[in-house]
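Counting the sequence shown from 1 gives a position; this note's numbering is that position plus 10. Down below is the structure, laid out as structure tokens.
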Amino acid sequence: MFSKITILFCLVSFSLNLQASELEIFHDKTSLMKFKSEDWKNEKLSSTVKGKFISQPLFNIHRRMQATYEGFSLQEVLDIAFGDKDWRKIKKIRFFAKDGVVKEAKVKEMIAGFKKHKGIIAIRNKGKEDLDLFVKGINTIYPGPFYLVWSGFSKEDYSGGAFKWPYHLSKIILISK
11 MFSKITILFC
21 LVSFSLNLQA
31 SELEIFHDKT
41 SLMKFKSEDW
51 KNEKLSSTVK
61 GKFISQPLFN
71 IHRRMQATYE
81 GFSLQEVLDI
91 AFGDKDWRKI
101 KKIRFFAKDG
111 VVKEAKVKEM
121 IAGFKKHKGI
131 IAIRNKGKED
141 LDLFVKGINT
151 IYPGPFYLVW
161 SGFSKEDYSG
171 GAFKWPYHLS
181 KIILISK
């Protein structure tokens with residue numbers, strides 16, 4: 011029989027394993043760029059790319075609360091990773107979480123919504139060193155170190171439609187076919 015300490019140790023170890031420290035961007039099966047959470051915490055996209063670190067207040071439709079997140083624009087991250095290739099002409103985008111959850115959206119629908127919604131890959135809540143924990147069911151969740159959130163939603167919205175909100179984000183793959 012397992013002791014309570016052994017079970018607690020296993021749960022903490024599993025929880026720590028979910029905290030992806032890198033975010034990798036792919037075009038189909040080709041890796042384009044890796045971003046490290048340590049660089050982002052220092053407000054740099056990478057050791058060689060500064061990027062524009064942003065602070066964005068928004069209503070989180072899944073947490074049902076107002077919050078201000080800090081990180082980098084999803085569009086800027088994809089622009090930098092793709093370089094001179096135009097990712098906007100690609101069909102689908104998949105967001106992979108460290109815990110195995112995969113969210114998919116059509117790039118065309120997402121781009122159409124960019125007039126109203128801004129995607130932020132958040133690394134922390136404003137004024138804090140990290141992202142806030144939240145409760146989902148009976149579990150307390152740490153959404154980082156990378157959490158995709160969207161501006162432009164209100165208390166009346168209950169679905170993000172084409173806009174996915176993955177936490178534990180570890181990989182983004184843009185799929186041509």
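Glycine is no exception: its CB is placed at the ideal position from the N, C-alpha and C atoms.
Alpha carbon of residue i to alpha carbon of residue j, nearest angstrom
i              : j              : result
lysine 44      : glycine 147    : 32 angstroms
lysine 128     : tryptophan 160 : 5 angstroms
asparagine 149 : isoleucine 64  : 29 angstroms
tyrosine 152   : leucine 143    : 5 angstroms
isoleucine 17  : lysine 101     : With a pLDDT of 40 at isoleucine 17, under the threshold of 50, the modelled position of that residue is not reliable, and the figure given next carries that caveat. Going by the C-alpha atoms only, they are around 44 angstroms apart.
isoleucine 35  : proline 67     : 26 angstroms
isoleucine 71  : isoleucine 183 : 24 angstroms
lysine 99      : threonine 78   : 31 angstroms
aspartate 96   : valine 117     : 12 angstroms
Same chain, Cβ closer than 7 angstroms to residue i, five either side skipped, listed in chain order
i              : result
glutamate 119  : Ala172
isoleucine 121 : Arg98
Same chain, Cβ closer than 6 angstroms to residue i, neighbours up to 5 away in sequence not counted
i            : result
alanine 115  : Ile103, Ala172 and Lys174
glutamate 53 : Phe63
Anticipated Cβ contact below 8 angstroms, residue i with residue j, distance rounded
i         : j           : result
serine 31 : proline 155 : 6 angstroms
Residues bridged to residue i (per DSSP)
i             : result
glutamate 80  : Ser65 and Arg134
threonine 150 : Val145
glutamate 32  : Lys46
Whether residue i touches residue j by CB criterion (7 angstroms)
i                 : j                : result
lysine 108        : serine 169       : no
phenylalanine 163 : phenylalanine 82 : no
Neighbourhood of residue i by C-beta, 8 angstroms cutoff - its chain only, sequence neighbours within 5 removed
i             : result
isoleucine 90 : Met43, Leu55, Val59 and Gly61
Distance cut-off 6 angstroms: residue i Cβ against heavy atoms of the ligand MN
i         : result
lysine 62 : Summarising the ligand content, the structure contains no ligands, and the ligand MN is consequently not present.
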